[in-house]
Every structure is written in C-alpha cells, then in structure tokens.
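So the structure is just underneath, and the comments pick up after that.
Protein chains: 2
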Amino acid sequence: MTSYTIGIDYGTESGRAVVIDTRDGRDIGTAVHAYGNGVIDQHLPGSDRPLPPEWALQDPNDYLEVLKNAVPAAIKAAGISPDDVVGIGIDFTACTMLPVKADGTPLCFIDSLRSNPHSWVKLWKHHAAQGQADQINETARKRGESWLPRYGGKISSEWFFSKALQIYQEAPEIYNAADRLLEATDWVIWQMTGVETRNACTAGYKAIVQDGNYPSNEYFGALEPGFANVVDAKMSRDFAQLGAKAGGLTAQAAAWMGLKPGIAVAVANVDAHVTVPAVGVVGTGAMVMIMGTSTCHMLIGDHAETVEGMCGVVRDGILPGYYGYEAGQSGVGDIFAWYVNHGGVPQEYFDAAKREGVDIHKHLEQEAAKQRPGESGLLALDWVNGNRSILVDADLSGMIVGMTLGTRAPEIYRAFIEATAYGTRVIVESFEKHGVPVNELVAAGGLPEKNKLLMQIYADVTGRSFRLASAKQAPALGAAMHAAVAAGVYPTIQAAAAKMASPTNKVVQPIKENTAIYDQLYGEYVKLHDYFGRGENDVMKHLKKLRNQVRGVTA
Amino acid sequence: MTSYTIGIDYGTESGRAVVIDTRDGRDIGTAVHAYGNGVIDQHLPGSDRPLPPEWALQDPNDYLEVLKNAVPAAIKAAGISPDDVVGIGIDFTACTMLPVKADGTPLCFIDSLRSNPHSWVKLWKHHAAQGQADQINETARKRGESWLPRYGGKISSEWFFSKALQIYQEAPEIYNAADRLLEATDWVIWQMTGVETRNACTAGYKAIVQDGNYPSNEYFGALEPGFANVVDAKMSRDFAQLGAKAGGLTAQAAAWMGLKPGIAVAVANVDAHVTVPAVGVVGTGAMVMIMGTSTCHMLIGDHAETVEGMCGVVRDGILPGYYGYEAGQSGVGDIFAWYVNHGGVPQEYFDAAKREGVDIHKHLEQEAAKQRPGESGLLALDWVNGNRSILVDADLSGMIVGMTLGTRAPEIYRAFIEATAYGTRVIVESFEKHGVPVNELVAAGGLPEKNKLLMQIYADVTGRSFRLASAKQAPALGAAMHAAVAAGVYPTIQAAAAKMASPTNKVVQPIKENTAIYDQLYGEYVKLHDYFGRGENDVMKHLKKLRNQVRGVTA
Chain U
10 MTSYTIGIDY GTESGRAVVI DTRDGRDIGT AVHAYGNGVI DQHLPGSDRP
60 LPPEWALQDP NDYLEVLKNA VPAAIKAAGI SPDDVVGIGI DFTACTMLPV
110 KADGTPLCFI DSLRSNPHSW VKLWKHHAAQ GQADQINETA RKRGESWLPR
160 YGGKISSEWF FSKALQIYQE APEIYNAADR LLEATDWVIW QMTGVETRNA
210 CTAGYKAIVQ DGNYPSNEYF GALEPGFANV VDAKMSRDFA QLGAKAGGLT
260 AQAAAWMGLK PGIAVAVANV DAHVTVPAVG VVGTGAMVMI MGTSTCHMLI
310 GDHAETVEGM CGVVRDGILP GYYGYEAGQS GVGDIFAWYV NHGGVPQEYF
360 DAAKREGVDI HKHLEQEAAK QRPGESGLLA LDWVNGNRSI LVDADLSGMI
410 VGMTLGTRAP EIYRAFIEAT AYGTRVIVES FEKHGVPVNE LVAAGGLPEK
460 NKLLMQIYAD VTGRSFRLAS AKQAPALGAA MHAAVAAGVY PTIQAAAAKM
510 ASPTNKVVQP IKENTAIYDQ LYGEYVKLHD YFGRGENDVM KHLKKLRNQV
560 RGVTA
Chain Y
10 MTSYTIGIDY GTESGRAVVI DTRDGRDIGT AVHAYGNGVI DQHLPGSDRP
60 LPPEWALQDP NDYLEVLKNA VPAAIKAAGI SPDDVVGIGI DFTACTMLPV
110 KADGTPLCFI DSLRSNPHSW VKLWKHHAAQ GQADQINETA RKRGESWLPR
160 YGGKISSEWF FSKALQIYQE APEIYNAADR LLEATDWVIW QMTGVETRNA
210 CTAGYKAIVQ DGNYPSNEYF GALEPGFANV VDAKMSRDFA QLGAKAGGLT
260 AQAAAWMGLK PGIAVAVANV DAHVTVPAVG VVGTGAMVMI MGTSTCHMLI
310 GDHAETVEGM CGVVRDGILP GYYGYEAGQS GVGDIFAWYV NHGGVPQEYF
360 DAAKREGVDI HKHLEQEAAK QRPGESGLLA LDWVNGNRSI LVDADLSGMI
410 VGMTLGTRAP EIYRAFIEAT AYGTRVIVES FEKHGVPVNE LVAAGGLPEK
460 NKLLMQIYAD VTGRSFRLAS AKQAPALGAA MHAAVAAGVY PTIQAAAAKM
510 ASPTNKVVQP IKENTAIYDQ LYGEYVKLHD YFGRGENDVM KHLKKLRNQV
560 RGVTA
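Here the protein sequences line up with chains U and Y, keeping their order. Mapping of the first sequence onto the numbering used here: position 90 corresponds to residue 99, and the numbering continues sequentially without gaps. Mapping of the second sequence onto the numbering used here: position 60 corresponds to residue 69, and the numbering continues sequentially without gaps.
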C-alpha cells in the first residue's frame, strides 16, 4: 500500500513542507511559507524601539502559519489524498527557545507581556547572552563540572541555559510569568499533539543533558541562587527518543493542515541532526556538513572523546546506540549574504548579473571562479557572526586583511568563502587531533547545490574529497523518515534510511596544486585565528564592549 | 600696476591652472584639464597586456595638454589680458619620474620603446619597486650611510632611486636608452623654458641629496656594479633653488598657452611643499597637512632631528634657511574612493544620494556623522595603499576588524576615515617623541573642504585643534607665489606670503568626550599597527608574495 509522510523543515527565514513516499523516499510535493515577521533583529513588530545589538527573535505564530499554509500547499502539489498521509515529523533550528504558560501559550501572545522582547522566541543566532555563557562556563570550570568537557570545554551563548539565564537576569518578570521554558521545536509538536514532550536531541546538545541528567541544582544555584530550581520549576526531566511517536495529531491541528486526526506525530528533531540519516549516514567516521546560513558538522562515533571546541557529544543524540558529535560555524551563507547586501558589492555586478539572467551570488561565484588560489592577496576570518567551533565565542567578529587599491568585490567574496573553508578545516583537524577519525565528508544543505565554486574550494582547502547530498531538502526528508518510524512503517531509523535515504553519488575531488597553495594560506589563517581568538589580542572583544558602552547596552 | 602670475597644480588625475593677482593672492580664474590617459594601472594605452600589480604610470603628453588647454581657459575665465601675466610656476606630485633622451624627448614617445612599460612616467604611487627599496635600505644600513637617518631610516619604494633601480634591473634596454632620468616636474619646466634644471626640493626629498651631495658612487656601485655611475651618466649635480627663475618662457610654449614669450618660469616645485607658504606658514612648529588622494605632512624646523619613519628632512627643502620635514600617508582619499567604487557601497546609498541631490561621499559622510565614536565596533588599518610613514613599507596592506552581520556601509566608510586619522596621530607623535615639536595643525588640500566629518574626526582622534586653509587651490596659489618671486615681484617667498598667502581662520576644535573614546581605540590601533607592521606577523607580505607568485610576477 502506498503511504506518505510529511516532513517540515523549520529554517531561519521560512518553513518548508515536503510530502515523501515512504517506499523510496521520493519527494513528491513541496511548499514553502516565509515567516511573516522573519528574523526580528531591528525592533519588535509594531514597535519603533530598536533592539540591542546581537538580538535575534522570532514570532511563534509564524510557525503555526507554516502548518496552515505550507502543508496543504505541499499536499496539493503532490496531488495525493490526505488520507494516505500516515505520519508527520518536523525539524528545527536550535537552540531556538521560548517562555510559555502551562497551557503552551507563548508569553509574547499575552498583551501585557508582548512589548517585552524577552517574551518572544530567542532564535539560534541570538548572540546577546555571551555574558551569561561566560558566567556558566566560569562557574562550571571552578566547580569542575564533569559535563563541561562533553561540550568542548565551553557552553555557547547560543544555547539553552545562556538564553534562559539572560531572561532570568534581565527580565525577572518574564521569567516569573513563564511556567515552561522550552525549545521551539518541542513547542510546535505540543501544538500538533496537545502533549508536551522534550526531545532527547536538543536536551542533550542544547540543555546540557548527559546520561539523562541536567547539571545539578547546586550548580544552577551557584550561578544564581534564584536559578537553582530552573529545571524543576520550568522544564521536565522526561525525554522522548528520536523516532518515537510524540502523540496523535489533534483534531484542531488536523483541520489546520487538512490531514486526518490521530496520525502519528514524531518527536521533535533538529535540522542538522535529522539530516545525517537522510543522506544515508548510519555508521561511524563520516562527517555530514549541513551548509546554509550557518554550517553544522555532524559525526557519528562509537565512544565519547573530548574534542576542543565541539558543540557537544551526546549518546543517542543523532542515532540510537551511537555517540553523536556536533560542531559548527555560526556564519557561512549569512556572511556571503551580508557582504552582498551590506558589505557590499558595487552595482555594476548586480547589473552584470541581471544582463546574464543569473542571481548575484551566481554571478560573483563565476567571477570568483576566474581567480586562482592566493591571487587576490586577501585573507579573512569567518567570524562575522561569531565563532561556534572551535573557539566557542560569540564576541569574536570578522576580519579581512590584504586589501589594496586594486582589490575588487569578487575577490572579497571569494576570500569570505575561503575563510569559511579554513574554519571547517580547523574543525576537522580538531576532531582528528582528539582521537575522533573523519574518514569521509558529506555536504548537504542549501549552499552546496547553489555554489559549485564553494565546494571546490572546500575540497581544495581541506585536501579531501566531498560527497554531495543529492536530496534538495535533506532535513525535510529526514523529518519525514522519522515520521515513518513513528508511524510504524519502519522499525528503526536505520531501516528507514535503507529505503528512503537520498543517494550521494556526486563527488568533488581536491585539485593538488590548489591544495598546495591553500596549505600556505591556511598556515596564515591559523596564526591569525589564534592571535585574535585565543587571547593574544582581545581587540574584537574590546571593540564590542566599547560599542555596547557607547550604545548604552548591557553587555 | 596690476600683475598676475599663473600657478599650475599637477595632480594625480588632472592639472589645474589658476590665475592669481600678485597684489593680494586673489584667485581670479581657474581651469582644470583631466589627463586623457589618467592613471595607467591596468594596461598601456593601445595594449591589452595587463600591467603587473602595484604599477602606476602616466603619459607625459597629458602634462603638455594641461598647458595647452587649462592655461588658456584660466586666462579666459579671469578675463585679463595675457600681457599682464608676468610669471608662471608649477607644482607636481612626487616622486613622479621618467626616462628621456638628451633633448628631453620621453622614451615613451619613441615608437620602438613605447610598448615597454618602463619607458613611461612612473607615478608617485607606483609601488612595484619595493624589492629595490629593500635592497637600497639594506645596503645603506650595512655601509652605515650617514644620509639614511635623514630619511627616517628607510628609503621608500615611491622614491627616485627605487624607481630608477627598477628600470635598471628589469629593463636594461630602457635604462641604456635613457640619457636622463628626472622628475616630471623638472621635465615640464624644461618643456616651458628649453633649459634642463633640477629643483632642490625633489633632489633633497626624493633623490637623497643632503647638503648638496647624492649618495656616493661607491654606494651605488655596492647596490649594483653597473649602477655606480647613475648620477654622472643620467642626472645632474646642479640644483636650482625654490623661488629662483628656471628660465624665460620659450616662443613655442608661449604659443601653447597664449602667453608672452620670455616671462619668468619658476623652478619646479612639489604640491605639498609649495602649499606651506601658500597657507601662510613661514616659521617653525606648524604642521601643514595636505590632504587629498594621499596626505603629506610638512613641518618647518630650525635643526635636523632623526624622526622614525619620516620621509625626509632637507635644508632649504621647503623654505630657504630652514629644515623642512616631510612625512606622509600613501592612501587617504584614495581609500575612501576605493571603498565607494570597489569595496564597495550598496546601490541603496547611491540612490539615496541621488534623491538628496548630493555626491555619494557627501551622503556617506552624513550617514557616518550620525554614529558616535566606537559605536560601529570597527577598527581599520589605513594601509590599503601601503604605509609611507612611519613604517615606510609599500608591501603592507589594508585590514579591517570587527564586522558583524549588523555592520553597514556607512560604518565601514567611517572606520576608514578614522583609520587615516589614527595614522596621522602616529606621525604627529613620532615627531614629538623625537624632539620636533608640533605646536599647530593646519589642514589644506581637497579633502578638508569637502568633508566636515573628516576634520572633526581628525581633531577628536588627535585631541588637537585644526586650522583649515581657506584657499581652495592652495598648491596652485603656492606655485603662483613662487612665480611672483621668480618674476621679481617680491624678493623672497616670505615677502610674497605676507601679501599673497591665504588666511586660515576656520578652526575645528576637538570634542573632549570623543577624544576620550578615541584614545581607547587608538591604543587598539597602535597594537595592531605594531603587530602587522613591525614584523610580529608578516602576513601582509606573505600574502603579496604569494599573490605575485601565483600571478607569475617578479616581486
């Protein structure tokens, strides 16, 4: 019998619903719904008051609009009967978290709290909690907390307790009004099933759950006495496993989407993690890189090692029975977009792109592809959005060196691409240096299919071949695969992957002469990486601190 | 009796002729002629072959076109009789030099030599002779040459013997074909008078003449055996003093310009040096900054001190009887233009400028003026065109740090302005540290009148007030003042200045709170300045070297 599942991929700017045939993983219908309020980083909707620097919020109502719009549109595009849909699953950015009431109502839906920015969803790239992250790390180091090495020695400002502590310290009225603090991905599943669950993946990677336990209440109390009971007061110690069924679809949610009530809704998942089985990786040694606005590096291991600067290693965090490693780069596609839109690129390149009938990134890619490695004389650090791995420091910032009066925009564009490739090489080398072998590299996400030059540069810089995932929407496929497991179509995610995963036959090989030049440039990159990133010159931090003082912002 | 002189200011992109009333220095007629071949830095006119990086050439015929076009137009604009013009003087960029035959014919006018880039004029900002400069400095240090400290310890790649040695080493056929090597400013005077002269100013500052002597033939021989006789074979040991008459205007040159033959033509001069008396500075302690594409810092002292990184100190080099100090920044307005045209600035700002009916620089200035010091979180090094003072190294390059995804173009624009202000503060502090007091700062040139924000930032960064020269065309006025001395209207340049110099009444005061913030940022600047500029991390040099290797260029 033909059965379908729906995977919904919640991204930074939009949500995408994909209808998948559970027999072979074929994508038979897709629809995208852009978030009405997008990324809220200038001011709250309906307000003129500017948000402080480094803030990035979202509107949870936009997530529901994806259910109401993208899902029916995807079913229509697929041309199937909604009755043949047996399950639904989602994946999300993380840590993207929000405060809600006991019935699941987001605090930003409540008129009296709506004008307080802390009542809204804090998006993954909200970077204003670096002070809290520093405090979390310092306290953990002092107390010798055993979980810290599992996170590369540093908890990121992007993660759950950094953001939760920021609410507690800066907006106690919001903290007190919140009955629950939870990941947006779990909140959406709650809206679909009427049941509050916490997925083991974000609990492990973002909320410091190791072997089933959060950090102790004593630890949280050492951070702030009033924060000691945060877990018991605002969270839950029950975790739902990936691939399990969170509940049945409620009548209300079924009506939103035009689906049958009661079908299986899979436990919430994360975009990067769900992509690993979607590209067919179900064993150790392959690093899957999900490349988009940012890049996540996912790796399956058979034991836990301490790797400098990794985001985390969590048992069962990606695949049951294995240790899932995560590392990441906070800015990749975002940096290219920033440079094109604001950095910026002269109009002549936009005009040329228009004449050629291609998008500006494609045009710059073509121009940049004419350059040989080293020819521009430029070298950049890829920290325009901070550094997630291996320095774990959102207060770092971008740098570019080598400009002359002859420097042109496509050279700068290429330098930023190269910078992100050096950043990936640092991560790969950190894993290998700490005893976690990387035998294969698999590229997924939106960037690799858009930008051929990018993948060649990554291959040349790392000196390694890259397999390219062919699934256009690997995360949504992964979510649909987990829905198929939750619906009982397959007994395990490995079994689902054997039938549904997307093949990755295209391989990009490094060009030896280019690698020889990039080895030299990488040496220069590492020197600057350590100079600016390891405390020899903290100018990036000083500049941000001074900026915040001048703007009158609490750092 | 009313008498007029004409001053011609030869800039980087155009020549400007100004008719001046010798009684009061009033500018009564101006005309500009843009060089047809402009700055030749991509390929020679009529050729597709790309020039190597760092090259910057000019066409000497463009200089004659200025005489033929701008001078008659200025006379017409002044509405005077050409018969009332009693003298003519010029000032020029320097070191801008060329190889010519014994009759003054530039080698690039000769068909068989024209396709060799070395036959053309090497413009001041030709930076491809850094290898030769390094060799000149190393040999001088080894031999303990007494003149080296008079040039801040380093001869620049921009200067005469760096460029001459480059011709000798890279194009011996051009070197051998040249009967004379000389400054373009002297060449133009030769074309006007029929007499070859060498002005004492460029001889002193650019061709290492101290107390009437070049470096010894032994020194040149130590550089390259075949270069030992460069002075006797290609140059002259006779120097003409500033303000003296080089000769009378020839009939041919008079016909070009519509002037009377035989009128006094002043000895050639340099744009920066000639500006000092033009803004009324005829004594010690005032630093005159001539701010345009680059900035020259001119200072009159009563004795010679060794100042790190100064371009030179020359007796009688600016004013008779005094020691003239020169320092400089290789890129100022050029950096802003580069950023606007290529770095670059998004179209929305050009559109906004158009809507407001202002030029793009004015619009960005307005946007940048809305920012407070430190607010952007950015810090740049002003070396996009190399560093002339105090590091004297054309192989240094630009750097900017602190970019986030929130960084916008006007912030980058302001960061580059601030960087040039920090560069000036380094120079001022170097003079004071080495015993040459700077009691007053006077700003002249094109930039200060165009950009109010710029002058406020300079005052805030240095914590000093700036007097602004009111003469729109101070260099041309200075050239006309020297013409008045050459014509015998005044006995000395001091006497001419007393009547003709332009008053400088507008003063920009530093804002104390801004200076407090800039003091912090300057501390960060100095740390990066020393890190990248004093050998701690030679990444800028490594990048240029690699670039040249990849491009197949001789460094």
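Beta carbons are placed, not taken as given, at the ideal position from N, Cα and C, and that holds for glycine.
I'd like the ranges of any alpha helix (DSSP H) spanning at least 4 consecutive residues and lying wholly in the region 310–382 of chain U.
If we require 4 residues or more, the alpha helix (DSSP H) runs fully inside the region 310–382 of chain U come out as 342–347, 356–365 and 369–378.
Give the secondary structure of U:Ala-103 by DSSP, where H, G and I count as helix, E and B as strand, and everything else as coil.
It is coil, neither helix nor strand.
Quick check: the region 464–473 of chain Y against the region 488–505 of chain Y, are at least 3 beta-carbon pairs closer than 8 Å?
Short answer: they don't touch.
Please state if the CB of Y:Ile-164 and the CB of Y:Ser-128 are separated by a distance shorter than 8 Å.
No, they are not a contact pair.
Just checking: is the beta-carbon of Y:Arg-58 within a distance shorter than 8 Å of some beta-carbon in chain U?
Output row for Y:Arg-58: interface = no.
Looking at C-alpha atoms only, which residue of Y:Gly-271, Y:His-282, Y:Met-244 and Y:Thr-433 is the closest neighbour of Y:Leu-251?
The residue with the shortest Cα to Cα distance from Y:Leu-251 is Y:His-282.
If you drop the 5 nearest sequence neighbours on each side, which residues of the same chain put their C-beta closer than 6 Å to that of Y:Thr-302?
The residues are Thr-21, Gly-342 and Asp-343.
Within the same chain, show all residues whose beta-carbon is closer than 7 Å to that of Y:Ile-327, passing over the 5 residues directly before and after it, in chain order.
Contacts found: His-282, Val-285, Met-307, Ile-309 and Gly-333.
Give the C-beta separation of U:Glu-556 and Y:Gly-383 to the nearest angstrom, bearing in mind that I take them to be a contact with Cβ-Cβ under 8 Å.
Residue 556 of chain U is actually Arg in this sequence, not Glu. Correct: roughly 6 Å between the Cβ atoms.
Once you ignore the five residues that flank U:Asn-278 on each side, which residues in its own chain have a CB closer than 8 Å to its CB?
Closer than 8 Å at the Cβ level, and outside the excluded window around U:Asn-278, lie Gly-98, Ile-99, Asp-100, Phe-101, Thr-194, Asn-208, Cys-210, Leu-251, Gly-487, Ala-488 and His-491.
What are the residues that DSSP puts in a beta bridge with Y:Gly-38?
Paired residues: Y:Val-28.
Give the DSSP-derived three-state secondary structure of Y:Val-609 in the structure shown.
This structure does not reach residue 609 of chain Y, given that chain Y is present from 10 up to 564, and the question cannot be answered.
With DSSP as the reference, label Y:Asn-222 as helix, strand or coil.
If DSSP states are grouped into helix, strand and coil, Y:Asn-222 belongs with the strands.
Can U:Pro-115 and U:Leu-53 be called in contact, C-beta distance under 8 Å?
Result no, Cβ atoms of U:Pro-115 and U:Leu-53 do not sit closer than 8 Å.
If you run the structure through DSSP and keep just helix, strand and coil, what is Y:Glu-22?
It is coil, neither helix nor strand.
Any C-beta of chain U sitting closer than 8 Å to the C-beta of Y:Arg-543?
No, Y:Arg-543 does not count as interfacial toward chain U.
Using a Cβ-Cβ cut-off of 8 Å, state whether Y:Met-106 counts as contacting chain U.
No, Y:Met-106 does not count as interfacial toward chain U.
Helix or strand or just coil, what does DSSP make of Y:Lys-254?
Looking at Y:Lys-254 - three-state DSSP - the assignment turns out to be strand.
Once the 5 residues before and after Y:Ala-564 are set aside, which same chain residues still bring their CB inside 7 Å of it?
Caution applies to Y:Ala-564, whose pLDDT of 42 falls short of 50 and renders its modelled position unreliable; the value that the coordinates give is listed next. Cβ within range, chain order: Gly-140, Lys-554 and Asn-557.
For Y:Gly-411 versus Y:Leu-450, is the C-beta spacing smaller than 8 Å?
Contact flag unset, no.
Count the other CB atoms, across all protein chains shown, that sit within 10 Å of the CB of U:Glu-427; report buried if there are 16 or more and exposed otherwise.
Result: buried.
Can you pull the chain Y neighbours of U:Val-517, defined as C-beta to C-beta under 9 Å?
In chain order: nothing, as chain Y lies at least about 22 Å away.
Using beta carbons (cut-off 8 Å, strictly below), is Y:His-551 in contact with chain U?
Judged by the 8 Å Cβ criterion, Y:His-551 is in contact with chain U.
Which value, in whole angstroms, describes the spacing of the CA atoms of Y:Trp-196 and U:His-538?
Their Cα atoms are separated by approximately 51 Å.
Provide the residue span of the alpha helix (DSSP H) that contains Y:Phe-425, from first to last.
It spans 418–442 - the alpha helix (DSSP H) in which Y:Phe-425 sits, taken as one unbroken run.
What is the residue span of the beta strand (DSSP E) that U:Gly-407 lies within?
Run containing U:Gly-407: 407–412, per the beta strand (DSSP E) assignment.
To the nearest angstrom, how far is the alpha carbon of U:Tyr-331 from that of U:Ile-526?
In a straight line, the C-alpha of U:Tyr-331 is about 38 Å away from that of U:Ile-526.
Quick one: which chain U residues come within Cβ less than 7 Å of Y:Pro-62?
Those within 7 Å of Y:Pro-62 in chain U are Gly-415.
Check the Cβ-Cβ distances between U:Ser-623 and every residue of chain Y, and say whether any is below 8 Å.
This structure leaves residue 623 of chain U out entirely; chain U is present only between 10 and 564.
So, with DSSP's three-state summary, where would you put U:Ile-399?
Three-state result, U:Ile-399: coil.
U:Val-53 by DSSP, collapsed to three states: which one?
First, the residue type needs correcting, since residue 53 of chain U is Leu and not Val in the sequence shown. In the structure shown, U:Leu-53 sits in coil (DSSP, three-state: anything other than H, G, I, E or B).
Please tell me whether U:Ala-287 and U:Ser-90 are closer than 8 Å, where the distance is taken between their beta carbons.
The answer is no: Cβ separation not under 8 Å.
Less than 8 Å between the C-beta atoms of U:Glu-63 and U:Ala-137, yes or no?
For U:Glu-63 and U:Ala-137, yes; Cβs fall inside 8 Å.
Is Y:Ala-510 helix, strand or coil when you go by DSSP?
Residue state, collapsed to three classes: coil.
Report the neighbours of Y:Val-445 on chain U: residues whose CB is nearer than 8 Å to its CB, in chain order.
Within 8 Å Cβ-Cβ: nothing; Y:Val-445 doesn't reach chain U, min ~30 Å.
What does the alpha-carbon distance come out to for the pair U:Leu-157 and Y:His-372?
Distance between the alpha carbons of U:Leu-157 and Y:His-372 is about 50 Å.
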